[in-house]
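Novice: Below you'll find the structure I mean.
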Amino acid sequence: FRSTALLVPLQIQLRQAHACQHSARYSSSSSSSSSSTYDTHKNTVFIKGLMNNLSKLCDRYILSGSPKIREQVFNVLDQIAAEAADKEMVQQSMRMVKRAGVPMHKSYLEKFQVELAKTDARSRKTEAEKRQDWEASKNEDSPNGKSAFSRRMNQGKPDLLTSSIVDPDSIAAMANDKTSFQQTMNGESPPNKAPGVASAEATARVSKIIATAGSGEAFEGQTLGVGGLDDVLLQVKRRIWTPLAAPPQLLKELGIHPARGLLLYGKPGCGKSLLASSLGSMLSPFRPITVVSGPEILDKFVGSSEKNLRDIFDNPPEIYEKFRENEQDGGDSLASAALHVVVMDEFDAVARSRGGSDGKGGQGDAGVARDSVVNQLLAKMDGVQPLCVPTLVIGLTNKRSLIEPALLRPGRFEVQIEIPPPKTIEQRVSIFKVHTKHMFAAGRLQVNDPPQGSTAEKLLELEKDSESIVSYEELLANLAKDCDGFSGAAIAGAARAAASRALERAVEEFSDENVGTDIMNCLVTQKDFYEAINDVRSSMGNYDHTEDEEEEDAADKESTDEANAQ
Numbered sequence: 001f002r003s004t005a006l007l008v009p010l011q012i013q014l015r016q017a018h019a020c021q022h023s024a025r026y027s028s029s030s031s032s033s034s035s036s037t038y039d040t041h042k043n044t045v046f047i048k049g050l051m052n053n054l055s056k057l058c059d060r061y062i063l064s065g066s067p068k069i070r071e072q073v074f075n076v077l078d079q080i081a082a083e084a085a086d087k088e089m090v091q092q093s094m095r096m097v098k099r100a101g102v103p104m105h106k107s108y109l110e111k112f113q114v115e116l117a118k119t120d121a122r123s124r125k126t127e128a129e130k131r132q133d134w135e136a137s138k139n140e141d142s143p144n145g146k147s148a149f150s151r152r153m154n155q156g157k158p159d160l161l162t163s164s165i166v167d168p169d170s171i172a173a174m175a176n177d178k179t180s181f182q183q184t185m186n187g188e189s190p191p192n193k194a195p196g197v198a199s200a201e202a203t204a205r206v207s208k209i210i211a212t213a214g215s216g217e218a219f220e221g222q223t224l225g226v227g228g229l230d231d232v233l234l235q236v237k238r239r240i241w242t243p244l245a246a247p248p249q250l251l252k253e254l255g256i257h258p259a260r261g262l263l264l265y266g267k268p269g270c271g272k273s274l275l276a277s278s279l280g281s282m283l284s285p286f287r288p289i290t291v292v293s294g295p296e297i298l299d300k301f302v303g304s305s306e307k308n309l310r311d312i313f314d315n316p317p318e319i320y321e322k323f324r325e326n327e328q329d330g331g332d333s334l335a336s337a338a339l340h341v342v343v344m345d346e347f348d349a350v351a352r353s354r355g356g357s358d359g360k361g362g363q364g365d366a367g368v369a370r371d372s373v374v375n376q377l378l379a380k381m382d383g384v385q386p387l388c389v390p391t392l393v394i395g396l397t398n399k400r401s402l403i404e405p406a407l408l409r410p411g412r413f414e415v416q417i418e419i420p421p422p423k424t425i426e427q428r429v430s431i432f433k434v435h436t437k438h439m440f441a442a443g444r445l446q447v448n449d450p451p452q453g454s455t456a457e458k459l460l461e462l463e464k465d466s467e468s469i470v471s472y473e474e475l476l477a478n479l480a481k482d483c484d485g486f487s488g489a490a491i492a493g494a495a496r497a498a499a500s501r502a503l504e505r506a507v508e509e510f511s512d513e514n515v516g517t518d519i520m521n522c523l524v525t526q527k528d529f530y531e532a533i534n535d536v537r538s539s540m541g542n543y544d545h546t547e548d549e550e551e552e553d554a555a556d557k558e559s560t561d562e563a564n565a566q
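Going by full-length UniProt numbering, the first residue of the sequence shown is number 1, and it counts up by one from there.
Structure (structure tokens):
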């Protein structure tokens, strides 16, 4: 009896403990559910932040190729793989690293392939299930069968979009229409010329128009707007324009091919860009020239730089619409024969020597990517596959010593011309004349031989100290003597600065009520030019070109040694 009395309270205590345990389990289950949802969201936000950091590291690696950044990439990738609750985010991170071209260890590659295989298997299984559901629904909707064969078996009409074609009458009508169309085309169209003859005629016509565009005074500096480069223009005319302007049959008999590349090199501000633009417009009268900067071609994504370079050569601008008018083929033959001029500024950015700075291949992944761009340029300049249209590439650079030697051989950039700074007074006078001839013709220069009826002539009669005013030629000579050491760009800047000073003085006098001068009496004086020259000289600084000259001398010596060795 005593043991039974002790047993009853013990059973009651066990039941109470079991009830408390069940209640605690239920409460912990609900709280863990809400906590799990919160933790999943928190993990997703954290992993997205890591993936953002990983993307920035991949961009930095593409630009630099640094092994240190590569190590940081894998550290972040390891952290994502270890802490990500959603494995899809891990796969996205691996794809990001792979697209950036970061070399992955064998273990990562195997893991990447295994994860992708699992994902592909799941997606294939899902697609198969959707396909089965779709087929089941189609079978339910189409009791006679969903194919034309099954409908014929059930003596039903085939379910085809062009069901009228099976009608014999419609087939006969279509055949008759096709026959009549062919007869009409054969009867009305003129006989087609042979492709070779049409191409030869178009090439001859292109050469004739280029010859007309470069004849007469077209290659004079004043016509092109380039002063002090008469010797350079003579070389360009002989090496570039003459083969393009000659009849194709004569070139074939002489065994001469027009140059594919022209390299203009020299110090900054000597007129390379201005000369290239003027030459391109003259040599390419049929289509616009393509002007591109070397850094614009380079891209951080693998293979994009090569694609940008290919697009320049493979997609030339369309010829002008006036050349397509009244052409039997719509101008297609002219479009195939018209020259495409490509001007590449900062050419050394895409044509730098391959193999690293030490010449032994010691370079990172960024150097390898740059070498790939050079290889693509070599293939386009003188590759196995011909270009879609005749192309002339004009490269502009300040550092010829950085250019890949393979690009400088004959057949590619065989014409290499230095654009020197103006060294003589005559050259500087020529540059000043280019940038002041419009002022003089409009009567805006204070000289003693102004154009008749101009503002300068009217004000010269009112000038009290007219003896101190010199002629136009004397003014240019005096200015050229004072601009020793100036580049062409500096002389052009001095001319613009002088005009700005004259305009400022005219506006101030016009706004002053006490003076009340007419603003249209604006004249550029000799004093304006001298003050502008001093301003430009002070802004030029003390840049030392000795290093550039030493590099060019070394490059010239290396080229001479290679030529002697050959």
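Every residue, glycine too, gets a C-beta built ideally from N, C-alpha and C.
How many whole angstroms separate the CB atoms of residue 43 and residue 82, which I take to be in contact at a CB cut-off of 8 Å?
Specialist: Mapped onto the sequence shown, residue 43 falls at position 43. Mapped onto the sequence shown, residue 82 falls at position 82. Rounded, the Cβ-Cβ distance is 12 Å, inconsistent with contact.
Novice: Would you kindly report the start and end of the unbroken beta strand (DSSP E) that includes residue 417?
Specialist: In the sequence shown, residue 417 corresponds to position 417, counting from 1. Segment 415–418, the beta strand (DSSP E) holding residue 417.
Novice: Tell me the DSSP bridge mates of residue 340?
Specialist: Translated into positions along the sequence shown, residue 340 becomes position 340. BP columns for residue 340 point to 391.
Novice: Note down the Cα distance separating residue 235 from residue 317, rounded to an integer number of angstroms.
Specialist: Along the sequence shown, one-based indexing puts residue 235 at 235. Along the sequence shown, one-based indexing puts residue 317 at 317. Near 28 Å, if we compare the C-alpha coordinates of residue 317 and residue 235.
Novice: Under DSSP, the alpha helix (DSSP H) around residue 206 begins and ends at which residues?
Specialist: Working through the sequence shown from its first residue, we reach residue 206 at position 206. First-last of the alpha helix (DSSP H) with residue 206: 195–213.
Novice: State the CB to CB distance for the pair residue 393 and residue 260, rounded to an integer number of angstroms; the pair is presumed to be in contact (CB under 8 Å).
Specialist: For the purposes of this step, residue 393 is identified with residue 393 of the sequence shown, where counting begins at 1. For the purposes of this step, residue 260 is identified with residue 260 of the sequence shown, where counting begins at 1. Confirmed, Cβ separation roughly 7 Å.
Novice: Select from 422, 353 and 303 the residue whose C-alpha is nearest the C-alpha of residue 405.
Specialist: To locate residue 405, count along the sequence shown from 1; it is residue 405. When only C-alpha atoms are compared, the closest one is 353.
Novice: In this structure, how does DSSP classify residue 472 when only helix, strand and coil are distinguished?
Specialist: Along the sequence shown, one-based indexing puts residue 472 at 472. Three-state DSSP puts residue 472 in a helix.
Novice: Among the residues of its own chain, which have a CB less than 8 Å from the CB of residue 292, if the five just before and after it don't count?
Specialist: One-based indexing of the sequence shown puts residue 292 at position 292. Counting only Cβ-Cβ distances below 8 Å, and skipping sequence neighbours, we find 312, 342, 343, 344 and 345.
Novice: Taking the runs of the alpha helix (DSSP H) that are 4 residues or longer, which of them lie wholly in the stretch 273–328?
Specialist: Taken in chain order, the unbroken stretches of alpha helix (DSSP H) that lie wholly in the stretch 273–328 and span 4 residues or more are 294–297 and 304–314.
Novice: Determine, using beta carbons only, whether residue 251 and residue 339 come nearer to each other than 8 Å.
Specialist: Working through the sequence shown from its first residue, we reach residue 251 at position 251. Working through the sequence shown from its first residue, we reach residue 339 at position 339. Taking 8 Å as the Cβ cut-off, residue 251 and residue 339 do not qualify as a contacting pair.
Novice: When the Cα atoms are used, what is the spatial distance from residue 472 to residue 455?
Specialist: Locating residue 472 in the sequence shown gives position 472, where the first residue counts as 1. Locating residue 455 in the sequence shown gives position 455, where the first residue counts as 1. Approximately 15 Å between the Cα atoms of the pair.
Novice: Quick check on residue 403: does DSSP put it in helix, strand or coil?
Specialist: Stepping through the sequence shown from its first residue, residue 403 is reached at position 403. Three-state result, residue 403: strand.
Novice: Using a Cβ-Cβ cutoff of less than 7 Å, which residues in the same chain neighbour residue 256 once the five nearest sequence positions on both sides are dropped?
Specialist: The count along the sequence shown starts at 1 and reaches residue 256 at position 256. Within the same chain, Cβ atoms closer than 7 Å to the Cβ of residue 256 are found at 243, the five residues on either side in sequence being excluded.
Novice: Between which two residues does the beta strand (DSSP E) holding residue 261 run?
Specialist: Position 261 of the sequence shown holds residue 261. First-last of the beta strand (DSSP E) with residue 261: 261–265.
Novice: Please return the same chain residues whose Cβ sits closer than 7 Å to the Cβ of residue 323, not counting the five positions on each side in sequence.
Specialist: Position 323 of the sequence shown, counted from the start, is the residue given in the question as residue 323. Closer than 7 Å at Cβ, skipping near neighbours: 286, 331 and 334.
Novice: Indicate the three-state DSSP secondary structure (helix, strand or coil) for residue 449 in the structure shown.
Specialist: Looking up residue 449 in the sequence shown gives position 449. Under the three-state reduction of DSSP, residue 449 is assigned to coil, being neither helix nor strand.
Novice: According to DSSP, simplified to helix, strand and coil, what is residue 524?
Specialist: For the purposes of this step, residue 524 is identified with residue 524 of the sequence shown, where counting begins at 1. If DSSP states are grouped into helix, strand and coil, residue 524 belongs with the strands.
Novice: Could you tell me whether the Cβ atoms of residue 416 and residue 408 are closer together than 8 Å?
Specialist: Reading the sequence shown from its first residue, position 416 is the one you call residue 416. Reading the sequence shown from its first residue, position 408 is the one you call residue 408. Taking 8 Å as the Cβ cut-off, residue 416 and residue 408 qualify as a contacting pair.
Novice: Please classify residue 41: is it buried, with 16 or more other beta-carbons within 10 angstroms of its beta-carbon, or exposed?
Specialist: Position 41 of the sequence shown, counted from the first residue, corresponds to residue 41. When all chains shown are included, residue 41 counts as exposed.
Novice: Check whether the stretch 271–289 touches the stretch 208–225, taking contact to mean three or more Cβ pairs, one atom from each stretch, closer than 8 Å.
Specialist: yes
Novice: Assess contact between the stretch 212–227 and the stretch 427–436, defined as three or more Cβ pairs (one per stretch) separated by less than 8 Å. Is contact present?
Specialist: Enough Cβ pairs lie closer than 8 Å, so yes.
Novice: Using the three-state DSSP reduction, which class does residue 412 fall into: helix, strand or coil?
Specialist: Indexing the sequence shown from 1 puts residue 412 at position 412. Of the three classes helix, strand and coil, the one that applies to residue 412 here is coil, per DSSP.
Novice: Since residue 80 is in the alpha helix (DSSP H), which residue starts that stretch and which ends it?
Specialist: For the purposes of this step, residue 80 is taken as residue 80 along the sequence shown, with counting starting at 1. Start and end: 67–83.
Novice: Roughly how many whole angstroms lie between the Cα atoms of residue 225 and residue 278?
Specialist: On the sequence shown, residue 225 is found 225 positions in, with the first residue counted as 1. On the sequence shown, residue 278 is found 278 positions in, with the first residue counted as 1. Looking at the two C-alpha atoms, the distance is approximately 8 Å.
Novice: Using the Cα positions of residue 412 and residue 76, report the straight-line distance between them to the nearest angstrom.
Specialist: Here residue 412 is taken as the residue at index 412 of the sequence shown, counted from 1. Here residue 76 is taken as the residue at index 76 of the sequence shown, counted from 1. If I take the Cα positions, the gap works out to 46 Å.
Novice: Rounded to whole angstroms, what's the CA-CA distance from residue 463 to residue 488? Just pull it up for me.
Specialist: As a position in the sequence shown, residue 463 is number 463, starting the count at 1. As a position in the sequence shown, residue 488 is number 488, starting the count at 1. Near 33 Å, if we compare the C-alpha coordinates of residue 488 and residue 463.
Novice: Mind checking which residues open and close the alpha helix (DSSP H) that includes residue 424?
Specialist: Taking the first residue of the sequence shown as position 1, residue 424 is located at position 424. Taken as a continuous stretch (DSSP letters only), residue 424 belongs to no alpha helix (DSSP H), as it is neither H nor E.
Novice: Have a look at the DSSP bridge pairing and note the partners of residue 396.
Specialist: Position 396 of the sequence shown, counted from the start, is the residue given in the question as residue 396. Partner(s): 264.
Novice: Check whether the Cβ atoms of residue 498 and residue 470 lie closer than 8 Å to each other.
Specialist: On the sequence shown, position 498 is the one that residue 498 refers to. On the sequence shown, position 470 is the one that residue 470 refers to. For residue 498 and residue 470, no; Cβs fall outside 8 Å.
Novice: Thinking just about the alpha-carbon of each residue, which of 89, 532 and 63 is nearest to the one in residue 47?
Specialist: Residue 47 sits at position 47 when you count from the first residue of the sequence shown. Looking at the Cα atoms, 89 is the closest of the given residues.
Novice: In three-state DSSP terms, what is residue 482?
Specialist: In the sequence shown, counting from the first residue as 1, residue 482 sits at position 482. Of the three classes helix, strand and coil, the one that applies to residue 482 here is coil, per DSSP.
Novice: Please confirm whether residue 419 and residue 264 have their CB atoms less than 8 Å apart.
Specialist: Numbered from 1 along the sequence shown, position 419 holds the residue referred to as residue 419. Numbered from 1 along the sequence shown, position 264 holds the residue referred to as residue 264. Yes, these two residues count as a Cβ contact at 8 Å.
Novice: Alpha carbons only, please: which of 442, 468 and 281 is nearest the one belonging to residue 521?
Specialist: Within the sequence shown, residue 521 is the residue found at index 521, counting from 1. Considering only alpha carbons, the answer is 442.
Novice: When you compare the CB positions of residue 477 and residue 533, do they come within less than 8 Å of one another, or not?
Specialist: Residue 477 sits at position 477 when you count from the first residue of the sequence shown. Residue 533 sits at position 533 when you count from the first residue of the sequence shown. Not a contact, by the Cβ cut-off of 8 Å.
Novice: Starting from residue 231, follow the alpha helix (DSSP H) in both directions and report where the run begins and ends.
Specialist: Numbered from its first residue, the sequence shown carries residue 231 at position 231. Start and end: 230–236.
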